[in-house]
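These notes concern the structure reproduced below.
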Amino acid sequence: MAVQPSPRQLAVLKILLFLICLLPLARLSWGAWQDSLGANPIEFIQRSLGTWTLNFLLITLLVSPARKLSGWHWLLRLRRMLGLYAFCYALLHLASYLWLDQFFDWQAIAKDILKRPFITVGMSAFILLLPLAATSSNAMVRRLGGRRWQQLHRSVYAISLLGVVHYWWLVKRDITLPVLYAALLAVLLGIRALWREQERRRQTNF
Amino acid sequence: MLIRRPSDILPSEITPRELFLRRRDFLKTAAGAALLTAFPAIAAEKLAGARNSLFSTTETPTPYKDVTTYNNFYEFGTDKSDPVEKAQRLNTRPWSIAVEGLVKHPRTFAIEDLIKLAPLEERIYRMRCVEGWSMVIPWLGLPLATLLKQVEPQGAAKYVEFISAADPQSMPGVKSRVLDWPYVEGLRVDEAMQPLTLLALGLYGEVLPKQNGAPVRLVVPWKYGFKSAKSIVKIRLVEKEPNTAWMKANAHEYGFYSNVNPAVDHPRWSQATERRIGEFQKRKTLPFNGYAAQVAQLYAGLDLQKFF
């Protein structure tokens, strides 16, 4: 079934999506205000922001396959917002580490980044996100040119992988959730590899 | 009809002013007690013990709510909230601890015997988790040495092994293979005999809540929290160093000693600082969790970097 929202409907949809994406943050803010985040609220906030960064990265990666499978091309128009939300939650996650967790103890932070592989990996992922966020506007797409822009933004695959590794390496013992994220990412990247391979074969057959 | 004049009222019948002012508290407590009696699962049984100031910190205890809702007890799941949510089905009466191995008088202690072994003491200890957070907890218990003296360890006994309950019926976490069950911990005999080493039966003046390791657990305040085995069913005196659950899980990250040491990092995170639950800024972690004066001599000549 082809679903094609009108420009007006799409605008409403975007506003709704914008608000929905704010819900995890709203819940954390409310919880912090009400002191209902448990005995270790700082840890809770930090973990939750990290989890939502990963969630938004995976949701962003879901857009393109979902479009292809459903034929709803307008889904692509929502992708930038989802990607920017991934960046936004990553930024807040980093801020919670620098401020709430380490309280700007730059010496300890520098040591952490160099010495703790899971922090090195997380920090790398964040730094790699910066150029993507910076080139998210239409003007930047035009300036870079579609092909170069697309090549740059493919780094989101590596970033997501680093994000999952960051999670995997930080858990103490129970790796159930990191494994789940790794599996979801494998599906999202695997389906792309499969389609590319099919495309390549089709073209060589001509 | 007898009408008493004011002078007829005995002084003992007059409610003291401070009690009178707290009359609403009394009603609330009474109402609470009635509720608890109606729902025995959440009734906290009182347990008395005189404070042992010699072994207690004067630091402010962590609130009861935090101590009893933020726990690591993997037999009930790996989430901090799993123990309080899932441990209530654990049946802690009857319960007994078998003390065996290289001892002159092997014996099984019912929990009621343990309570009568020595007057219970309240000891307010710092507790430092290997994950980088800490609490201050008013435990109730007796020195482990008191129990060990009853069974008389043989000369060949060098280590004490602690084995926790592992009942898949009441402990849902045991069905997962996150650790090799049952949970096993161990101490050197001299560590076990150290007066700070406590067999805890309660906290905050009441019987140990199930999520905190009821009915009886170990408390070794100068070591990371996981050394303090919960819901113990067996204590064995042995010659060889016990292979503990965490060593089996990852010997590279968790050593037999696991003394709190800010100078020896966990391979994946720093141990230099800790977050005291309820505090915003981190505080510096102290060697042996602040108990160096009492226990450092146990490790004289031992390379603490190597034997972490």
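If you read the protein sequences in the order shown, they are chains H and A. Okay, so the first sequence: first residue is 3 according to my numbering, each after it adds one. Okay, so the second sequence: first residue is 17 according to my numbering, each after it adds one. Using N, Cα and C, we set each Cβ at its ideal position, and we do this for glycine too.
Which residue's Cα is closest to the Cα of residue i: the options?
i                : options                                : result
Pro79 (chain A)  : H:Thr62, H:Leu86, H:Ala41              : H:Ala41
Met125 (chain H) : H:Ile111, H:Arg175, H:Asp37            : H:Ile111
Arg284 (chain A) : H:Trp108, H:Pro119, H:Glu45            : H:Pro119
Thr73 (chain A)  : A:Ser186, A:Ile113, A:Val152           : A:Val152
Met263 (chain A) : A:Ala288, A:Ile131, A:Leu118, A:Gly202 : A:Gly202
Pro77 (chain A)  : A:Gln297, A:Arg292, A:His121           : A:Arg292
Leu156 (chain A) : A:Gly317, A:Asn228, A:Asn266           : A:Asn228
Pro237 (chain A) : A:Val249, A:Pro211, A:Lys191, A:Ala103 : A:Pro211
Ser186 (chain A) : A:Leu106, A:Ala64, A:Val83             : A:Leu106
Tyr307 (chain A) : A:Val119, A:Ile131, A:Arg144           : A:Arg144
Val100 (chain A) : A:Thr85, A:Leu320, A:Ser150            : A:Thr85
Phe83 (chain A)  : A:Trp111, A:Leu130, A:Leu318, A:Trp149 : According to the sequence as given, residue 83 (chain A) is Val; it is not Phe. The option with the nearest alpha carbon to Val83 (chain A) is A:Trp149.
Asp183 (chain A) : A:Trp111, A:Leu234, A:Gly271           : A:Trp111
Pro122 (chain A) : A:Gln166, A:Leu195, A:Trp197           : A:Gln166
Gln104 (chain A) : A:Ala60, A:Gly294, A:Phe323            : A:Ala60
Arg175 (chain H) : A:Ala181, A:Gly93, A:Phe272, A:Thr124  : A:Gly93
Arg67 (chain A)  : A:Pro154, A:Leu118, A:Ser247           : A:Pro154
Val176 (chain A) : A:Ile131, A:Ala245, A:Thr108, A:Ala134 : A:Ala245
Gly52 (chain H)  : H:Trp101, H:Leu96, H:Leu24, H:Leu131   : H:Leu96
Ala127 (chain H) : H:Ile115, H:Ser72, H:Phe106            : H:Ile115
Leu351 (chain A) : A:Pro135, A:Val119, A:Asp95            : No answer is possible for residue 351 (chain A): it lies beyond the span of chain A, which begins at 17 and ends at 324.
Val123 (chain H) : H:Val143, H:Lys113, H:Thr62, H:Gly165  : H:Gly165
Ser139 (chain H) : H:Arg82, H:Ile22, H:Tyr183             : H:Arg82
Ile177 (chain H) : A:Ser97, A:Phe272, A:Ala265            : A:Ala265
With DSSP collapsed to three states, give me the class of residue i.
i                : result
Met187 (chain A) : coil
Ser162 (chain H) : helix
Tyr99 (chain H)  : helix
Thr108 (chain A) : coil
Ala309 (chain A) : helix
Ser235 (chain A) : Checking the sequence, you will find Val at residue 235 (chain A) rather than Ser. Reduced to three states, the DSSP call for Val235 (chain A) is strand.
Ser180 (chain A) : strand
Leu21 (chain H)  : helix
Trp74 (chain H)  : coil
Ser150 (chain A) : strand
Asn328 (chain A) : Here chain A comprises residues numbered 17 to 324, so residue 328 (chain A) is not present and cannot be evaluated.
Lys62 (chain A)  : strand
Glu138 (chain A) : strand
Phe296 (chain A) : coil
Ser275 (chain A) : The residue you asked about is not Ser; residue 275 (chain A) is Asn in the sequence shown. If DSSP states are grouped into helix, strand and coil, Asn275 (chain A) belongs with the strands.
Gly52 (chain H)  : helix
His282 (chain A) : strand
Glu91 (chain A)  : helix
Thr206 (chain H) : helix
Arg175 (chain H) : coil
Trp170 (chain H) : helix
Glu201 (chain A) : strand
Gly221 (chain A) : coil
Ala50 (chain A)  : Residue placement at Ala50 (chain A) is flagged as unreliable, the pLDDT there being 48, under the threshold of 50; the coordinate-derived value follows with that caveat. Ala50 (chain A): helix per DSSP, three-state reduction.
To the nearest whole angstrom, what separates the beta carbons of residue i and residue j, a pair I think is in contact under 8 Å?
i                : j                : result
Ser162 (chain H) : Leu60 (chain H)  : 7 Å
Tyr90 (chain A)  : Gly189 (chain A) : 5 Å
Ser50 (chain H)  : Leu64 (chain H)  : Wrong, their Cβ atoms sit about 21 Å apart, outside the cutoff.
Leu56 (chain H)  : Ile47 (chain H)  : Rounded, the Cβ-Cβ distance is 15 Å, inconsistent with contact.
Ala288 (chain A) : Thr301 (chain A) : 6 Å
Asn305 (chain A) : Val280 (chain A) : Between Val280 (chain A) and Asn305 (chain A) the Cβ distance is about 13 Å, and since that is not below 8 Å, they are no contact.
Ile127 (chain A) : Pro231 (chain A) : 5 Å
Lys250 (chain A) : Ala114 (chain A) : 5 Å
Ala261 (chain A) : Tyr199 (chain A) : 5 Å
Trp76 (chain H)  : Gln6 (chain H)   : 7 Å
Leu19 (chain H)  : Leu78 (chain H)  : Wrong, their Cβ atoms sit about 13 Å apart, outside the cutoff.
Glu116 (chain A) : Arg233 (chain A) : That belief does not hold up - the Cβ atoms of Glu116 (chain A) and Arg233 (chain A) are roughly 19 Å apart, past 8 Å.
Ser157 (chain H) : Leu186 (chain H) : In fact, because the Cβ distance is near 19 Å, the residues do not count as touching under 8 Å.
Just to confirm, does residue i get its C-beta within under 6 Å of one of the non-hydrogen atoms of the ligand ADP?
i               : result
Ser31 (chain H) : In the structure shown, the ligand ADP is absent, as is every other ligand, since no ligand is present at all.
- Please name the residues in the segment 65-76 of chain H whose beta-carbon is closer than 7 Å to at least one beta-carbon of chain A, in chain order. Listed by position along the chain: nothing, the set is empty.
- Is there contact between the segment 160-174 of chain A and the segment 149-165 of chain H, where contact requires at least three CB pairs shorter than 8 Å? Touching, no.
- Message: Using a Cβ-Cβ cutoff of 8 Å, what residues of the segment 31-46 of chain H are near chain D? List them in chain order.
- Response: No chain D appears in the structure shown, which is made up of the protein chains H and A.
- Task: Evaluate contact between the segment 213-225 of chain A and the segment 148-167 of chain A, counting only Cβ atoms and requiring at least three cross-stretch pairs below 8 Å.
- Result: Contact holds: three or more Cβ-Cβ distances are below 8 Å.
- Does the segment 81-101 of chain H come close enough to the segment 248-267 of chain A that 3 or more CB-CB pairs lie under 8 Å? Flag = no, the segment 248-267 of chain A and the segment 81-101 of chain H do not touch.
- Message: Check whether the segment 202-209 of chain A and the segment 222-229 of chain A are in contact - that is, three or more C-beta pairs closer than 8 Å.
- Response: Flag = no, the segment 202-209 of chain A and the segment 222-229 of chain A do not touch.
- Query: Which residues, taken in chain order from the segment 99-113 of chain H, show a beta carbon closer than 9 Å to some beta carbon of chain A?
  - Reply: The residues in question are Leu102, Asp103, Gln104, Phe105, Asp107, Ala110, Lys113.
- In chain order, what residues of the segment 125-158 of chain A put their CB closer than 7 Å to some CB of chain H? For the segment 125-158 of chain A, which is checked against every Cβ of chain H, the residues closer than 7 Å are Glu147, Trp149.
- Pair every Cβ in the segment 130-140 of chain A with every Cβ in the segment 63-73 of chain A, then say whether three or more of these pairs are closer than 8 Å. Counting Cβ pairs under 8 Å, three or more are found: they touch.
- Query: Would you say the segment 66-74 of chain H touches the segment 165-174 of chain H, given that touching needs at least three Cβ pairs under 8 Å?
  - Reply: A contact between stretches requires three or more CB pairs, one per stretch, nearer than 8 Å, and the segment 66-74 of chain H fails this requirement with the segment 165-174 of chain H.
- Item | chain H contacts made by the segment 292-321 of chain A, where a contact means CB separation under 9 Å | Residues of the segment 292-321 of chain A that bring their beta carbon within less than 9 Å of a beta carbon in chain H comprise Ile293, Gly294, Phe296, Gln297, Lys298, in sequence order.
- Contact residues within the segment 94-111 of chain A, judged by C-beta distance below 9 Å to chain H: For chain H, the residues of the segment 94-111 of chain A that bring a beta carbon within less than 9 Å of one of its beta carbons are Thr94, Asp95, Lys96, Ser97, in chain order.
- Task: Closer than 9 Å, Cβ to Cβ, to anything on chain H: give me those residues from the segment 196-209 of chain A, in chain order.
- Result: Cβ contacts with chain H: none found.
- chain H contacts made by the segment 245-271 of chain A, where a contact means CB separation under 7 Å: Result list: Ala265.
- Task: Return the residues of the segment 113-145 of chain H that lie within a Cβ-Cβ distance of less than 9 Å from chain A, sorted by chain order.
- Result: So the list reads Lys113, Asp114, Lys117, Arg118, Pro119, Phe120, Ile121, given in the order they occur along the chain.
- Using a Cβ cut-off of 8 Å, which residues of the segment 143-177 of chain H contact any Cβ in chain A, in chain order? For the segment 143-177 of chain H, the set of positions with a beta-carbon nearer than 8 Å to some beta-carbon of chain A reads Trp171, Leu172, Lys174, Arg175, Asp176 in chain order.
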